[in-house]
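Colleague: Top to bottom, those sequences are chains A and B.
If you're matching positions, the first sequence starts at 0 in numbering that gives the first Met the number 0 and goes up one per residue.
If you're matching positions, the second sequence starts at 0 in numbering that gives the first Met the number 0 and goes up one per residue.
The C-beta atom is built at its ideal place from N, Cα and C for all residues, glycine as well.
Quick one: this structure, given as structure tokens, is what I'll be asking you about.
Protein chains: 2
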Amino acid sequence: MSAAHHHLSVHDLSAPPEPPNRYLFGPGPSMVHPRVYQALSKPIVGHLDPYFIQVMHEVQELLKIAFGSGGGSTLVISGTGSAGMEAAVANFVEPAAKLAVFANGYFSDRLTEMARRQGAEIVRLEKAWGQTFADDEASEFIRREKPKVVAYVHAETSTGALQSGRAICAAAHEAGSLVIADCVTSLGGLPVEFDQTGIDVAYSCTQKGLSCPPGLSPMALSERAMAWLRARTAPARSWYLDLKLIHDYSTVSHRYHHTAPISMFYALREALLMISEEGIENRWERHRSCHQVFVREIEGVGLRMHVSSAHRIPTLNTVLVPGGVDEGRVRKRLLEGPGIEIAGGFGPLAGKIFRIGVMGPLATEDNLQFFLAEFNKALRAEGYSI
Amino acid sequence: MSAAHHHLSVHDLSAPPEPPNRYLFGPGPSMVHPRVYQALSKPIVGHLDPYFIQVMHEVQELLKIAFGSGGGSTLVISGTGSAGMEAAVANFVEPAAKLAVFANGYFSDRLTEMARRQGAEIVRLEKAWGQTFADDEASEFIRREKPKVVAYVHAETSTGALQSGRAICAAAHEAGSLVIADCVTSLGGLPVEFDQTGIDVAYSCTQKGLSCPPGLSPMALSERAMAWLRARTAPARSWYLDLKLIHDYSTVSHRYHHTAPISMFYALREALLMISEEGIENRWERHRSCHQVFVREIEGVGLRMHVSSAHRIPTLNTVLVPGGVDEGRVRKRLLEGPGIEIAGGFGPLAGKIFRIGVMGPLATEDNLQFFLAEFNKALRAEGYSI
């Protein structure tokens, strides 16, 4: 047996079976409610089982509440949020098609890179990481470029900036363009308003605002996007992410496409049911109110937010690292002490910001005060005088 | 709020929270052990958390036992087995490259379709579904075609046929070709012998032979495949499945690529630990011995296997539907009565075969006898006289 020289036993492995206790105050993954873990561990059925088809349909219906989408379709990609991004690009940005990207952070760069690999012609309107696009400059860009497809990031995880999509969508539709919106960090935590905004293709993730473990990517498609999809003649370069096939499996014929991650769907359904029980508007308000407290308290100890007040993501706060403080040491201290995870910046924001998510089960007054006390303690220990 | 007309409550939803009790005797997903469900529901940590990195490394080491791979790399794709197939094709079959496919079932057709979408030049050696390729015809095909890449399906889920890879790999290496092997149905249930066979790129799934819920795709890459990957200049068309980036995140720099499905990794580690505790050779033997009993008993009631005895997948039995019996009705009866899932054939085998998996926790004498009794009962109820 070729396996003979590989005999490992449990004892050779160093990671204990019980994960360490973590408070996930980073940009994601976010904290998961015990009810969701319980659903995750229910016995699986087959991916073509009538019960699973029912669960999948329920997930699609419940997603419409979170997206704020009525017509069109919702479906779920069997991959993480990045797979949703690639599905959006691979299905709607055909080779040689002109794509206009609003570029103001890491995820618009990632989308650009994916589109480049699909052979698109790309034009970008660029801003510094943390800034957003005003209505008139967004419209002007689209009118000038007349792209086939427009893409923007609703809530930019790398910077903390929230981009309104109204003017972008209006100008895009006037120009006959389709709009892709990255809603990875917004879905479930703040209004996406898919229909009202006029988005055609939105993708998200199960972690962050939905407070489910990572692994799936929910998508919403407008009637218009569905018509584009049906009209597409050349097949998408990706078979795994082919939305025609996935839509057919998910909602029409239920003909086998791939073996869906059953357990993850159980968890996603439970997370969406919890949102529906809380009421999506109440949930948004809970996050918004925690955000206001967060900013007030942070500014109260002399710290400053990276993004201007009108354009902040309520679930993901970016705080400027005060002079003289090593942000990596603060993060390490929080992780190794109270077990709190937060993130730093990267790219042009490396070393310059903390990224602090207050989402899902952690978005309560008590949890927030616990976090702020530990954060201030860690900052003081690293030389910041409060 | 655009969500206002979507107020669903728990009571509007029709699928009960508790899944029905199913015995998964189909080709997959397979039955999952309670220990694996328990691991699945452990609290998550971040995808860059030192604990998670450790778990990921352990998974990679444990996978080497199952694959029978020493050098090279093992890694895990954040998608199902089909994502692993697409990763293999997207990274190793460059546009315009010649790919030789051994085509004898649905999954070699799927791989062909993926390669077509990647712009490959494809040549196929075709056989009826259920047949396999003899050493000399395999070698002759490769010598004649001199392809850049060769692909075959080790255990063809749609037919029950097991294809030896020795002659294919030997001829391919002589011709300077790289070999991709689909091991979706073989890994964990029977020897893959990655190194001994000479496979360069293998992909699999977490369900079936590993008895973990579906959602991830383990891969093994030979040293040769790693060298190809490093030498590739044009980036893969897929960013999500870019193995250079995934390898870097998984094993080298741990630089962020995507948010890994943490919970699924916990489950996969537990499933692999259980395999390591049982001993992989013991596990293979357990499956092989159940297969022998299965065939004996099935033939004992006058039924016949679809695949010739030398080329059967021990974990997935394909049984010819006896004349006069409607296979769909038998399956429905089994699902709605004792809750047993088995599958039928599709494509050219639609209506002609039953596909019956005896894998993981169900591969014991007791479970097998339970299955056979119910299967015979259902056949009798549908008019077959035993």
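Is the CB of Pro213 of chain A under 8 Å away from at least one CB in chain B?
Modeller: Yes, its Cβ sits closer than 8 Å to a Cβ of chain B.
Colleague: Can you give the beta carbon distance from Thr156 of chain B to Val183 of chain B, rounded, assuming they're within the 8 Å contact cut?
Modeller: With a Cβ gap of about 7 Å, Thr156 of chain B and Val183 of chain B count as contacting.
Colleague: Kindly list the residues whose CB is nearer than 6 Å to the CB of Asp122 of chain A, restricted to its own chain and excluding five residues on each side of it in sequence; keep chain order.
Modeller: According to the sequence displayed, residue 122 of chain A carries Val and not Asp. Excluding sequence neighbours, Val122 of chain A sits near Ala99, Glu144.
Colleague: Can you pull the chain B residues whose beta carbon is under 7 Å from the beta carbon of Val54 of chain A, in chain order?
Modeller: Those are Ala14, listed as they occur along chain B.
Colleague: Taking Cβ-Cβ distances below 8 Å as the criterion, which residues of the segment 103-116 of chain A are in contact with chain B?
Modeller: Cβ contacts with chain B: Arg109, Glu112, Met113, Arg116.
Colleague: What span of residues does the beta strand (DSSP E) with Asp48 of chain A cover, start to end?
Modeller: Looking at the DSSP string, Asp48 of chain A is not in any beta strand (DSSP E), and its letter there is neither H nor E.
Colleague: With burial defined as no fewer than 16 other Cβ atoms inside 10 Å of the residue's Cβ, what is the status of Leu350 of chain B: buried or exposed?
Modeller: For the sequence presented, residue 350 of chain B should be read as Gly rather than Leu. Exposed, because fewer than 16 other Cβ atoms sit within 10 Å of the Cβ of Gly350 of chain B.
Colleague: Cβ of Thr232 of chain A less than 8 Å from any chain B Cβ?
Modeller: Output row for Thr232 of chain A: interface = no.
Colleague: Measuring CB to CB, does Tyr202 of chain B end up less than 8 Å from Met113 of chain B?
Modeller: Contact: no.
Colleague: Measure from the C-beta of Pro389 of chain B to each C-beta in chain A and report whether the shortest distance is under 8 Å.
Modeller: Given a span of 0 to 385 for chain B in the structure shown, any question on residue 389 of chain B remains unanswerable.
Colleague: Can you list the residues of chain A that His257 of chain B reaches, using a CB-CB cut of under 7 Å?
Modeller: Simply Thr79, Ser81.
Colleague: Pull up the DSSP beta-bridge partners for Gln130 of chain A, would you.
Modeller: DSSP lists A:Trp128 as partners of Gln130 of chain A.
Colleague: Take every Cβ of the segment 330-337 of chain A, pair it with every Cβ of the segment 285-302 of chain A, and state whether three or more of those distances are shorter than 8 Å.
Modeller: In short, these stretches do not touch, since the Cβ pair count stays below three.
Colleague: Under 8 Å, Cβ to Cβ, is there at least one residue of chain B near Leu228 of chain A?
Modeller: No, Leu228 of chain A does not count as interfacial toward chain B.
Colleague: Would you kindly report the start and end of the unbroken beta strand (DSSP E) that includes Lys331 of chain A?
Modeller: Segment 326-335 is the alpha helix (DSSP H) holding Lys331 of chain A; no beta strand (DSSP E) there.
Colleague: Using CA atoms only, rank isn't needed, just tell me which of A:Gly359, A:Val357, A:Asp199, A:Asp325 is closest to Gly344 of chain A.
Modeller: Checking every option, the nearest Cα to that of Gly344 of chain A belongs to A:Asp325.
Colleague: Check the Cβ of Leu23 of chain B against every Cβ in chain A and list those closer than 7 Å, keeping chain order.
Modeller: Per Cβ cutoff of 7 Å: Gly45.
Colleague: Does the distance from the CB of Ala95 of chain B to the CB of Glu136 of chain B come in under 8 Å?
Modeller: Against a cut-off of 8 Å, the Cβ pair of Glu136 of chain B and Ala95 of chain B comes out as no contact.
Colleague: Verify whether the separation of the beta carbon atoms of His46 of chain B and Thr258 of chain B is less than 8 Å.
Modeller: A contact, by the Cβ cut-off of 8 Å.
Colleague: For the 8 Å Cβ check, are there 3 or more pairs between the segment 36-46 of chain B and the segment 40-56 of chain A?
Modeller: Yes, the segment 36-46 of chain B is in contact with the segment 40-56 of chain A.
Colleague: Would you verify that the beta carbon of Val148 of chain A is, or is not, closer than 8 Å to some beta carbon of chain B?
Modeller: Not closer than 8 Å to any Cβ of chain B, the Cβ of Val148 of chain A fails to qualify, so no.
Colleague: What does Cys204 of chain B reach in chain A if we use C-beta pairs closer than 9 Å?
Modeller: Going along chain A in sequence order, the residues near Cys204 of chain B (Cβ under 9 Å) are Thr258.
Colleague: Looking at the unbroken alpha helix (DSSP H) that takes in Asn20 of chain B, where does it start and where does it end?
Modeller: Asn20 of chain B -> no alpha helix (DSSP H), and no H or E assigned at all.
Colleague: Can you give the Cα-Cα distance for Gly118 of chain B and Ser288 of chain B, rounded to whole angstroms?
Modeller: If I take the Cα positions, the gap works out to 43 Å.
Colleague: Expressed to the nearest angstrom, what Euclidean distance is found between the alpha-carbon atoms of His10 of chain A and Ser210 of chain B?
Modeller: Low confidence applies to His10 of chain A: its pLDDT is 44, below 50, so where it sits in the model is not reliable, and the reading given next is rough at best. Their Cα atoms are separated by approximately 22 Å.
Colleague: Let me see if you follow: with CB-CB separation under 8 Å, is Lys351 of chain A close to chain B or not?
Modeller: So no, Lys351 of chain A is outside the interface.
Colleague: How far does the beta strand (DSSP E) with Ser76 of chain A in it extend, from its first residue to its last?
Modeller: A quick correction: the sequence has Ile, not Ser, at residue 76 of chain A. From DSSP, the beta strand (DSSP E) with Ile76 of chain A extends over 72-76.
Colleague: May I ask you to report which of helix, strand or coil DSSP gives Ala171 of chain B?
Modeller: Three-state result, Ala171 of chain B: helix.
Colleague: Let me see if you follow: with CB-CB separation under 8 Å, is Val100 of chain B close to chain A or not?
Modeller: No, Val100 of chain B does not count as interfacial toward chain A.
Colleague: Give me the subset of the segment 358-371 of chain A whose CB atoms are less than 9 Å from a CB atom of chain B, sorted by chain position.
Modeller: So the list is empty, because no residue satisfies the distance condition.
Colleague: Starting from the beta carbon of Arg236 of chain B, find every residue of chain A whose beta carbon is closer than 7 Å, and list them in chain order.
Modeller: Those are Arg116, Gln117, Arg236, listed as they occur along chain A.
Colleague: Express the C-alpha separation of Leu348 of chain B and Ala226 of chain A in angstroms, rounding to a whole number.
Modeller: Cα-Cα distance, rounded: 34 Å.
Colleague: Report the residue from A:Gly323, A:Ser72, A:Thr205 whose alpha carbon sits nearest the alpha carbon of Glu269 of chain A.
Modeller: Residue A:Thr205 is the option with its Cα nearest to Glu269 of chain A.
Colleague: Do Gly356 of chain B and Phe24 of chain B have their C-beta atoms within less than 8 Å of each other?
Modeller: In this structure, Phe24 of chain B lies closer than 8 Å to Gly356 of chain B by Cβ.
Colleague: Could you pull the start and end residues of the alpha helix (DSSP H) that Val31 of chain B belongs to?
Modeller: Per DSSP, Val31 of chain B belongs to no alpha helix (DSSP H) and is neither H nor E.
Colleague: Span of the alpha helix (DSSP H) holding Asp181 of chain B?
Modeller: Taken as a continuous stretch (DSSP letters only), Asp181 of chain B belongs to no alpha helix (DSSP H), being part of the beta strand (DSSP E) at 177-181.
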